[in-house]
Structure formats: C-alpha cells, structure tokens
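Q: There's a structure below that I have some questions on.
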Amino acid sequence: MLLKLIGASLILFAGTLIGFLQAARFADRPKQIRQLAGALQRLETEIVFGQTPLPDALQHTASNAGQPVGRLFQAVADELSAGEGRSFRECWDHAMRRAWPTTSMRAPELTVTLRLGSILGMSDKDDQLKHLRLAAVQLKAEEDAARDDQAKYEKMSRSLGLLLAVLVVILMV
Amino acid sequence: MLERVAHLLPSELTAVLARMPAKAQEGLEEIRIRDNRPLEVWTLGVSTFVSSSGSLSDNPEGAYKPSYELCRKLLERMTNHSVYAMEEELRRGFITVEGGHRVGLAGRTVLEEGRVRGIRDIGGFNVRIARDVTGVAGQSLPQLIDRNNRTIASTLIIGAPRQGKTTYIRDLARAISYGRWQSPQALGWSGRKVGIVDERSEIAACVRGVPTFDVGPRTDVMDACPKAEGMMMMIRSMSPEVLIVDEIGRDEDVEAIREAVRAGVSVVATAHAGEWEEAAARPAIKRLLQEGAFSRGVVLRRTITGLSVKVVDLSAASAAASIATGSAARAAGHSTASPREPTGAARAGESHAP
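For the record, the sequence lines run as chains W and Y. In terms of our numbering, the first sequence opens at residue 1 and continues consecutively. In terms of our numbering, the second sequence opens at residue 1001 and continues consecutively.
Shown next, in the form of structure tokens:
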C-alpha cells in the first residue's frame, strides 16, 4: 500500500512538473523573441551608427543581451573568430541551429534569424538597416502569435500535466 | 610574398597559389581574382594565368577559375565581414588591409545623385602586395638635403603606377626620422620630426592607429585622413618639420602644401606621372611648381637592375623654366653623375638603388 502511494505521488509529481515546464516554455517564448528583437536592435545600432566590424558588434551584442539570447550571439562570434575559412553565413547558420534548442523559441523565429545570416555584413549601411528592420517586424509578428499561444495554452498545459498524471494514477489503481 | 597575404585569401585560393613554382611565389606582385574568370597573377614583372595545379601559362584556357562563393568569402575576409564599415573605401574603389596591402575592387557601382557612392556586386579583385624595402631612398637622399636648414628640401616625387613611389617615400620618411642622412655634409644632423598624412593607409599601413611598417622613431601618422585637411591638422597639432603625403593633384592639396611651405615645413609629396613634363602639365602641380613650392623633383622608374632615381634641382630653375628643367633632366638622364648635392644651375644626377 505504502509503495503504491509513493508511486502514485511520484507520477503526480512528474506529471505536474512536465505540465509546468511546458507552460514555462509557452511563457518564455514571447519574452525571448522580444529579447532577440532587442538584441537585433542593438546590433543595428552597432552596424548603422557605430560602423563596428561585425565580429566586434556580435561580441558587444552578446554581452549586453540577456540569456539565453546572448548565448546565440556569443556562439556566432566564437565560430567566426575560430574562422577556418568559413563564410559568415555558414558560421551564423551553424551556431544558430546548434544553440537554438537551448531557448524556448521555435522554428518560425529561427527562419527569420537564419534569413538574416545571408545578408549581415555583406552590403552597405542602408541595406543592412532595411534587412534588420524587416527582421524586427517579422519577429514582432511572431511575438504576437507567441503571446496568443501563451494565453491559450499556458494554463491549460499546467493543468493538463496534473490531470494526465491523475488519469494515469486512476487507471493504475 | 605569398605568405604575407595568405591570411587574407580563402584557403582554396591559397592552396592553388601555393602550388606555383617557388620563384613565382617569391616574386609575386599582384593577384587578380575575377568571378568565374581565369586567375591572373603578376609575378617577376609579367602577367600569367595560374591553373589549379599551380602551373603558369600565358593561355587563359585551363586556368583556375575562382567561383562566386570564393569571391564572396574573399570580400568577407577583406572587409572583416563588415562591408557596411567600408563605405569610404568602396567609394574610392580599394581597401587597404593589415600589412599595407591594397585590394582594388571592380563591380557595379551604386550612384547617388550622379556620384559614385559605392560598389556592389563586386566581381573583380586586385590584391597588390605591399613591399617594404629599406634603403631605396638612401642613395639619392644626399641630393635632396637642404643644407641651410639642415633638413630635407621640399620634394616632388613622380612616377607611373607600380614604380615604387610609396616604397620610396616610406624609406625617405624612415631615413629622415632616424637621421640617416647618408651624406658627409650632414654629419651630426639629428633626425627630423616627420608627419605622414596617409590617406590610403599605404605608407605606414596603420592598424588601429599604429604603423605596421617601420617609419622611424620621430614620425607621426595621420591615418586615412584626406590629405589637405590632414596636412593642416598636422601643422596645427603635431609641429612636424617634414610632411609626407602621397599622390597629390587636387586643388585643395595645393592650398595645403602652400600653407605648409609658408609655415616652414618641408613637404615631400608624390604624384602620378610617367615623365616630368606630364606632371608639370597637370594644373594643380603646375601651380605649385610655378610658385616654387618644391625645390627638388625626383623621377622614379623601375628597371631590371633596381630602382632608377633621377633627381631634378628646381630651386635654381625659375618657375617658367620648369619645362626646360625637365628636358635638362632627361638629357642628363643617361650620364653617370655620381650622387651629390646639386648646386647652382639646374642639374640632374641619376643613381641606382638596389
């Protein structure tokens, strides 16, 4: 009996935890998208006004952005300084794809970010500005969508975790 | 020579160039990279095409063709992944990179109100390898000194492109700055404060404001600064005794040089021209010569034996006779006058530096 009780409470605990984690992902996504947009804004300032070389600009952006977005830019900066004759786009693609799963962001934001990789640093100021602004607009749209998702699914997934755990316990008893 | 620029080139390209014969690598002067067209190099004074196995040939067929991707990578390397930070350079059509090497660019230009604002779709690169040779100016320096003021006389150096003008004035700056006057008359003279206005970052090849070439201990460099403005800034702030500028020829340069000469500063300037008469015919330079801003002229020409330096004394020649001076110099060009300080009438000597 005692064993059953311990097992049931473990399942309940795990289910609740999974639910809360899922809910946290929904809650974090819009926050992180906003953070990413903020970081890109900073990058834009570095590029357009500071005319800072891209490796330094990425480094500055990385150290000023909050986590986990700062990590993304740091990863790109690290790959770039490692060099090995790869182009910026390859470094950007590789670093972003590798570090993306450590964030709560999803595929649509990744697509927007990767698209930037093929243009960053490769044209004049005006052009860079245009592309960075476009990315900001797209990210804003994603952020709104993420907020809707959050409103819809955050509470639900929290209770769903607990309820599913209860269901499992009931079925097993 | 190749190893000096290897870090700038994509590894595929370096690999191809490294397969060239050792002698060709050593004599490398220019690497001309064109998108999807044969790879050309200037080495040992001639142009040849390079195949992917590194063999050299006059025939463009069978030569290695750099891909679009490679050109993109090259541009990224040259600009440190930051084309946007190079607008001024793109407007001028070349980038000076670490080590003083100059990369010329060709492509589709972007216009703004009829003026070139930059280059986009860059399809041609010309990597000119900078060489720093110590001592090229040494032999002719005794002919350029101003004995009364114990310094160098104001000198105009002319030569066609690729004749070694920049190498020459860099060595001149170094010699003056160290006080290596190379002349018995100049025994005991100390070095002079030298100001270099390095608009193209070629003379000193500054990286973050610090010269990468040895330009002497008494030398200050105003890097990437427009010549006319830079000369005035130098005079105001750094009190130079000798000002060194590259490639003059615009109207505002004239005014600045005039100002410098009036302030008692010796000016050493270079200008593009094949012959002395050609230089003297250019309006801006003509005005300076007529006003007597320069008291020496130097004509540089690269020969098989080395650099041929022809010195023209302008101080005695009157302004109107500047053309005559030129022909006198030409007449004397083949005589083997030993290096000496010209005195009195217009006289020319020729000396060879290795």
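Just so it is clear, CB atoms sit at the ideal spot from N, CA and C, and this is done for glycine as well.
Which residues, in order along the segment 1072–1091 of chain Y, keep a beta-carbon less than 7 Å from a beta-carbon of chain W?
A: Those would be 1072, 1073, 1076, 1080, 1081, 1082, 1083, 1084, 1085, 1087, in chain order.
Q: Mind listing the chain Y neighbours of residue 51 of chain W? Cutoff is C-beta to C-beta under 7 Å, in chain order.
A: By Cβ distance, chain Y contributes 1084, 1085.
Q: Okay, do the segment 1235–1243 of chain Y and the segment 1186–1196 of chain Y touch, 3+ Cβ pairs below 8 Å being the bar?
A: Flag = yes, the segment 1235–1243 of chain Y and the segment 1186–1196 of chain Y touch.
Q: Closest Cβ-Cβ distance between residue 1372 of chain Y and chain W: below 9 Å?
A: With chain Y represented from 1001 up to 1354, any question about residue 1372 of chain Y goes unanswered, as that position is not in the structure.
Q: Of the residues W:23, W:19, W:94, W:62, which one's Cα is nearest the Cα of residue 37 of chain W?
A: Nearest option by C-alpha distance: W:62.
Q: Using only the alpha-carbon positions, how far apart do residue 106 of chain W and residue 29 of chain W sit?
A: Their Cα atoms are separated by approximately 8 Å.
Q: So, using beta-carbon positions, are residue 1223 of chain Y and residue 1167 of chain Y closer together than 9 Å?
A: Against a cut-off of 9 Å, the Cβ pair of residue 1167 of chain Y and residue 1223 of chain Y comes out as no contact.
Q: Name, please, each residue of chain Y whose Cβ falls closer than 7 Å to the Cβ of residue 47 of chain W.
A: Ordered by position in chain Y, the residues that pass the 7 Å Cβ test against residue 47 of chain W are 1084.
Q: Please go through the same chain and pick out, in chain order, the residues whose beta-carbon is closer than 7 Å to the beta-carbon of residue 1028 of chain Y, but skip the five residues on each side of it.
A: These residues qualify, in order along the chain: 1001, 1002, 1041, 1043, 1129.
Q: Starting from the Cα of residue 1225 of chain Y, find the closest Cα among Y:1089, Y:1124, Y:1153 and give me that residue.
A: Closest option to residue 1225 of chain Y, Cα to Cα, is Y:1089.
Q: Can you tell me the Cα-Cα spacing of residue 171 of chain W and residue 26 of chain W, whole angstroms?
A: Taking the straight line joining both Cα atoms gives about 29 Å.
Q: Any idea if residue 1139 of chain Y is buried or exposed, counting beta-carbon neighbours within 10 angstroms, 16 or more meaning buried?
A: With 16 or more Cβ atoms within 10 Å of its Cβ, residue 1139 of chain Y is classed as buried.
Q: Can you find the residues in the same chain that come closer than 8 Å, C-beta to C-beta, to residue 55 of chain W, ignoring five residues on each side of it along the sequence?
A: Correct list, in chain order: 77, 80, 81.
Q: In chain order, what residues of the segment 1112–1137 of chain Y put their CB closer than 9 Å to some CB of chain W?
A: Listed by position, the residues of the segment 1112–1137 of chain Y near chain W (Cβ gap below 9 Å) are 1117, 1118, 1120.
Q: Under the assumption that residue 1271 of chain Y contacts residue 1144 of chain Y (Cβ atoms under 8 Å), give the Cβ distance between them as a whole number of angstroms.
A: At roughly 16 Å, the Cβ-Cβ gap does not stay under 8 Å, so residue 1271 of chain Y and residue 1144 of chain Y are not in contact.
Q: Determine, for residue 1069 of chain Y, whether the minimum Cβ-Cβ distance to residues of chain W falls below 9 Å.
A: Interface residue, yes.
Q: If you run the structure through DSSP and keep just helix, strand and coil, what is residue 1362 of chain Y?
A: Nothing can be reported for residue 1362 of chain Y: it is not among the residues displayed for chain Y, which extend from 1001 to 1354.
Q: Taking 9 Å as the threshold (beta carbon to beta carbon), is residue 1110 of chain Y in contact with chain W?
A: For residue 1110 of chain Y, the answer is yes, since a Cβ of chain W falls inside 9 Å of its Cβ.
Q: Can you pull the chain Y residues whose beta carbon is under 8 Å from the beta carbon of residue 88 of chain W, in chain order?
A: Correct list: 1076, 1081.
Q: Would a check of beta-carbon distances place residue 96 of chain W closer than 9 Å to chain Y?
A: So, not an interface residue.
Q: In the DSSP assignment, find the unbroken beta strand (DSSP E) run with residue 1042 of chain Y in it and report its ends.
A: Unbroken beta strand (DSSP E) run through residue 1042 of chain Y: 1040–1043.
Q: Report the rounded CA-to-CA distance for residue 1057 of chain Y versus residue 1304 of chain Y, giving the unit in angstroms.
A: When rounded, the distance between both Cα atoms is 22 Å.
Q: From the DSSP output, read off the bridge partner residues of residue 1048 of chain Y.
A: Residue 1048 of chain Y pairs with Y:1041.
Q: What residue does the beta strand (DSSP E) around residue 1112 of chain Y start on, and which one ends it?
A: Note, residue 1112 of chain Y: beta strand (DSSP E), 1102–1112.
Q: So, do the segment 1159–1177 of chain Y and the segment 1287–1304 of chain Y have three or more beta carbon pairs nearer to each other than 8 Å?
A: The answer is yes - the segment 1287–1304 of chain Y touches the segment 1159–1177 of chain Y, with three or more Cβ pairs under 8 Å.
Q: Taking the beta strand (DSSP E) that residue 1155 of chain Y falls in, what are its first and last residues?
A: From DSSP, the beta strand (DSSP E) with residue 1155 of chain Y extends over 1155–1159.
Q: My output table needs one value for residue 1264 of chain Y: the three-state DSSP class, helix, strand or coil.
A: Note: residue 1264 of chain Y maps to coil in three-state DSSP.
Q: Using only CA atoms, which one of Y:1017, Y:1010, Y:1066, Y:1046 lies nearest to residue 1036 of chain Y?
A: Cα-wise, what sits closest to residue 1036 of chain Y is Y:1066.
Q: Have a look at residue 1054 of chain Y and residue 1048 of chain Y and give me their C-alpha separation to the nearest angstrom.
A: Distance between the alpha carbons of residue 1054 of chain Y and residue 1048 of chain Y: 11 Å.
Q: Give me, in chain order, the residues of the same chain whose beta-carbon lies closer than 6 Å to that of residue 1324 of chain Y; leave out the 5 immediate sequence neighbours on both sides.
A: Confidence at residue 1324 of chain Y is low in this model, with a pLDDT of 41, below 50, so the placement of that residue should be treated as unreliable; the coordinate-derived value is given next. Excluding sequence neighbours, residue 1324 of chain Y sits near nothing in its chain.
Q: Could you give the DSSP three-state label for residue 1057 of chain Y: helix, strand or coil?
A: The answer is strand: DSSP assigns residue 1057 of chain Y an E or B state.
Q: According to the neighbour-count rule (16 or more other Cβ atoms, all chains shown, within 10 Å of its Cβ), is residue 1234 of chain Y buried or exposed?
A: Answer is buried; the Cβ neighbour count reaches 16.
Q: Which residues in the same chain as residue 1099 of chain Y place their Cβ atom closer than 7 Å to its Cβ, once the five residues preceding and following it in sequence are excluded?
A: Closer than 7 Å at the Cβ level, and outside the excluded window around residue 1099 of chain Y, lie 1004, 1130, 1205, 1212.
Q: Please report how far the alpha carbon of residue 173 of chain W lies from the alpha carbon of residue 1 of chain W, in whole angstroms.
A: Spanning the two alpha carbons is a distance of roughly 11 Å.
Q: Count the other CB atoms, across all protein chains shown, that sit within 10 Å of the CB of residue 1260 of chain Y; report buried if there are 16 or more and exposed otherwise.
A: With 16 or more Cβ atoms within 10 Å of its Cβ, residue 1260 of chain Y is classed as buried.
Q: Short of 7 Å in beta carbon distance, which residues of its chain neighbour residue 118 of chain W, apart from the five on each side in sequence? Order them along the chain.
A: Only 89 meet the Cβ criterion.
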